[in-house]
Ligand SMILES: Cc1cc2nc3c(=O)[nH]c(=O)nc-3n(C[C@H](O)[C@H](O)[C@H](O)COP(=O)(O)OP(=O)(O)OC[C@H]3O[C@@H](n4cnc5c(N)ncnc54)[C@H](O)[C@@H]3O)c2cc1C
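In structure tokens:
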């Protein structure tokens, strides 16, 4: 979302996007498995997010729906309320995908940039055995530690504050029959499960009951190498006890997000909204600059684009 925001806001036709993934969106991710669907990265946009430009764009492109759901603000304390959220019309990943389609710019997916070098004031990017030449400006919109590794020849990170991320395991579950659970999602299902959300209100054609559960960052940090099977057994047992589920899961899967959500922002530490190289030709941005949500990622791209316009790019 940070990279898409920059491309959208710079509005030039000479921009090329590189992504190591096969599709745009990064952590705004929708997983399909046969007929099952899971938003296993970002779940929804807050209806009160304050990034006006993103709100207008999402409305203009007609890619989000407002849903009102039964949400438990604290499952352990049995607090349930009606909550309005914004979701992608065809899963969360449809949001970045449509924004990307609308940009109509050059792109290379399945292309992980592993090295950047400078040759006569221009930059060359390397990926596997390919190279891409003659870039005037390189905007690196990836998690901070990965960005640091890629650009440490051009930026002195000893003088920079380090933002921090929380890691999160997500576990996806599906059941063939309806479990008659009267909550669509919530927080604190258990000490170790910080978040859970039903997927069916997002995908009306979904026949099986599907859920995504996030392990707490504390649990994830302490169990970074836990066996997926063990993890799934634990989560299933908690889920089934919490909701009196008697049937067995039809499908279960786990994904580990090492850099899931920002814990401490760069802006908070430094009061700055991006990191730049000495020659002002390489810039780093990402959700880690401003916050922990996809609207923060959009905002980070927007802020950097303002500065690049001042520099006349
Ligand atoms: C489990 C989970 C739940 C979340 N829940 C919510 C939520 O409910 N609401 C919300 O608003 N936010 C949520 N978030 C946070 C939100 O997803 C992120 O803040 C936002 O998507 C970050 O966007 P970004 O563009 O900064 O980074 P990313 O989404 O990480 O994008 C970085 C991109 O760079 C690519 N990349 C990385 N390295 C390279 C390389 N070397 N070469 C080429 N490409 C590379 C990646 O493939 C990726 O596409 C959640 C995140 C997670 C993981």
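Numbering (our numbering), first residue to last: 545 to 857.
Glycine included, each C-beta is placed from N, C-alpha and C at the ideal position.
Near ligand 1: residue i beta-carbon under 7 Å from a heavy atom
{"i": "residue 546", "result": "yes"}
{"i": "residue 635", "result": "no"}
{"i": "residue 562", "result": "yes"}
{"i": "residue 668", "result": "no"}
{"i": "residue 655", "result": "yes"}
{"i": "residue 574", "result": "no"}
{"i": "residue 839", "result": "yes"}
{"i": "residue 685", "result": "yes"}
{"i": "residue 565", "result": "yes"}
{"i": "residue 801", "result": "yes"}
{"i": "residue 569", "result": "yes"}
{"i": "residue 770", "result": "no"}
{"i": "residue 743", "result": "no"}
{"i": "residue 831", "result": "yes"}
{"i": "residue 690", "result": "yes"}
Proximity to residue i [Cα-Cα], best of the options
{"i": "residue 616", "options": "609, 626, 840, 743", "result": "626"}
{"i": "residue 576", "options": "755, 729, 781", "result": "755"}
{"i": "residue 830", "options": "802, 611, 846, 746", "result": "846"}
{"i": "residue 757", "options": "781, 747, 751", "result": "781"}
{"i": "residue 841", "options": "580, 597, 583, 564", "result": "597"}
{"i": "residue 628", "options": "667, 587, 761", "result": "587"}
{"i": "residue 703", "options": "569, 839, 821", "result": "821"}
{"i": "residue 714", "options": "737, 725, 692, 592", "result": "737"}
{"i": "residue 836", "options": "768, 824, 687", "result": "687"}
{"i": "residue 787", "options": "547, 723, 631, 652", "result": "723"}
{"i": "residue 564", "options": "655, 612, 623, 585", "result": "655"}
{"i": "residue 570", "options": "607, 683, 801, 784", "result": "801"}
{"i": "residue 651", "options": "583, 566, 818, 739", "result": "566"}
{"i": "residue 739", "options": "585, 547, 690, 849", "result": "585"}
Presumed contact (8 Å Cβ cut-off) between residue i and residue j, rounded CB distance
{"i": "residue 804", "j": "residue 710", "result": "6 Å"}
{"i": "residue 796", "j": "residue 716", "result": "7 Å"}
{"i": "residue 733", "j": "residue 619", "result": "5 Å"}
{"i": "residue 589", "j": "residue 839", "result": "6 Å"}
{"i": "residue 669", "j": "residue 657", "result": "5 Å"}
Any non-hydrogen atom of ligand 2 closer than 7 Å to residue i Cβ
{"i": "residue 804", "result": "Among the ligands modelled here, namely ligand 1, ligand 2 does not occur."}
Q. Does the stretch 809-819 come close enough to the stretch 767-783 to have 3 or more Cβ pairs within less than 8 Å?
A. In short, these stretches do not touch, since the Cβ pair count stays below three.
Q) Three or more beta-carbon pairs under 8 Å between the stretch 674-694 and the stretch 644-663, yes or no? A) The stretch 674-694 is in contact with the stretch 644-663.
Q. Would the stretch 559-577 and the stretch 621-639 be scored as touching if the rule is three or more Cβ pairs under 8 Å?
A. Contact between the stretch 559-577 and the stretch 621-639 is present, with at least three C-beta pairs closer than 8 Å.
Q. Do the stretch 719-729 and the stretch 689-701 touch if we need at least three Cβ pairs shorter than 8 Å?
A. No, the stretch 719-729 does not touch the stretch 689-701.
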